[in-house]
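Counted from 1, the sequence shown has number 477 at position 132 by this note's numbering; the numbering is strictly sequential. Virtual Cβ for every residue (Gly too), placed ideally from N, Cα, C.
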Amino acid sequence: MSATSKYADEHIAAALANHRNAFSDFMHEVLADHRGDMMFHFYIDNLLVVIYEHHLRGKHINKTQAYRLIPIGHTNTCKKYVEEAAKRGFIRFVPDEKDSRRLNVVPTDDLISYVRAKVERQIDEARELIGRVAEAKPLPRDNLALAAYPK
C-alpha cells in the first residue's frame, strides 16, 4: 500500500480492471449503439440529464436555457441540437403558463426512460466496482456508504 493511499494495491488493481471493462462498454455503446449520431449524443447527453433532474423536482427549463447547456459556442449549432432532440422525441416545447412568449422544455417518456436507464447502469457499475474491490481485499470502513456495504 502506498503511504499516501488508504487503498491497498489489490483495491487499485481491481478498480483498474473494472475501469477497463467500463471503458470497453462505453466505447461499444458509442460505436455500436450511436453509430451515425455520435455527435448528437456527445453534445446532447448532459442536456437530457439536466432536463430530467428538473423534471424530478417538478420544474422545467426554458428553450433559451436549453441552448446554453449545449457545450458549443455558436448559438445556431446549439439550436440545431435542441431542435434535433425534439425531433427525436426526447423533449417537447410547451408555452410557459406565466409568460406565453417563453417555451418550456418538457421531457417525454422516451427521455425519462433513456436517462433512468443510463443512471441505473451507472449505479450498477458503481456497485460492481465496490464488489470487485471488496473481493480483492476488505475495504476500509471509513465512510457511510461502505460501512453499510456487506462484509
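Exercise. With C-beta atoms as the reference, is L473 less than 8 Å away from N363?
Worked result: In the sequence shown, counting from the first residue as 1, residue 473 sits at position 128. In the sequence shown, counting from the first residue as 1, residue 363 sits at position 18. Checking the sequence, you will find Glu at residue 473 rather than Leu. Their beta carbons are under 8 Å apart, which means E473 touches N363 by this criterion.
Exercise. Using the C-alpha atoms, what's the distance from K351 back to P485?
Worked result: One-based indexing of the sequence shown puts residue 485 at position 140. One-based indexing of the sequence shown puts residue 351 at position 6. The straight-line gap from Cα to Cα measures roughly 8 Å.
For this session: Could you tell me which residues DSSP puts in a beta bridge with R437?
Result: As a first step, residue 437 must be located in the sequence shown, where it is residue number 92. DSSP, once it has assigned bridges, lists V451 as partnering R437.
Exercise. Is the stretch 427–437 touching the stretch 398–405 in the sense that three or more CB pairs, one from each, lie closer than 8 Å?
Worked result: no
For this session: Note down, in chain order, each residue of its chain lying with its Cβ closer than 6 Å to the Cβ of I389, except the 5 sequence neighbours on either side.
Result: Position 44 of the sequence shown, counted from the first residue, corresponds to residue 389. Within the same chain, I389 has close Cβ partners Y426 and A430.
Problem set entry | Reference D444; option with closest CA among K408, D382 and H356 | Residue mapping note: residue 444 aligns to position 99 of the sequence shown, counting from 1. Checked all of K408, D382 and H356; the closest Cα to D444 is K408.
Exercise. Mapping DSSP to helix, strand and coil, what is M475?
Worked result: Here residue 475 refers to the residue found at position 130 when the sequence shown is read from its first residue. Rather than Met, the amino acid found at residue 475 in this sequence is Ile. Note: I475 maps to helix in three-state DSSP.
Exercise. In or out: L361 buried (at least 16 other Cβ within 10 Å) or exposed?
Worked result: Sequence index remark: in the sequence shown, residue 361 carries index 16 (1-based). Answer is exposed; the Cβ neighbour count stays below 16.
Problem set entry | Residues sharing a beta bridge with N407, DSSP | Here residue 407 is taken as the residue at index 62 of the sequence shown, counted from 1. N449.
For this session: Could you check what DSSP says for T422 in three-state terms: helix, strand or coil?
Result: Locating residue 422 in the sequence shown gives position 77, where the first residue counts as 1. If DSSP states are grouped into helix, strand and coil, T422 belongs with the helices.
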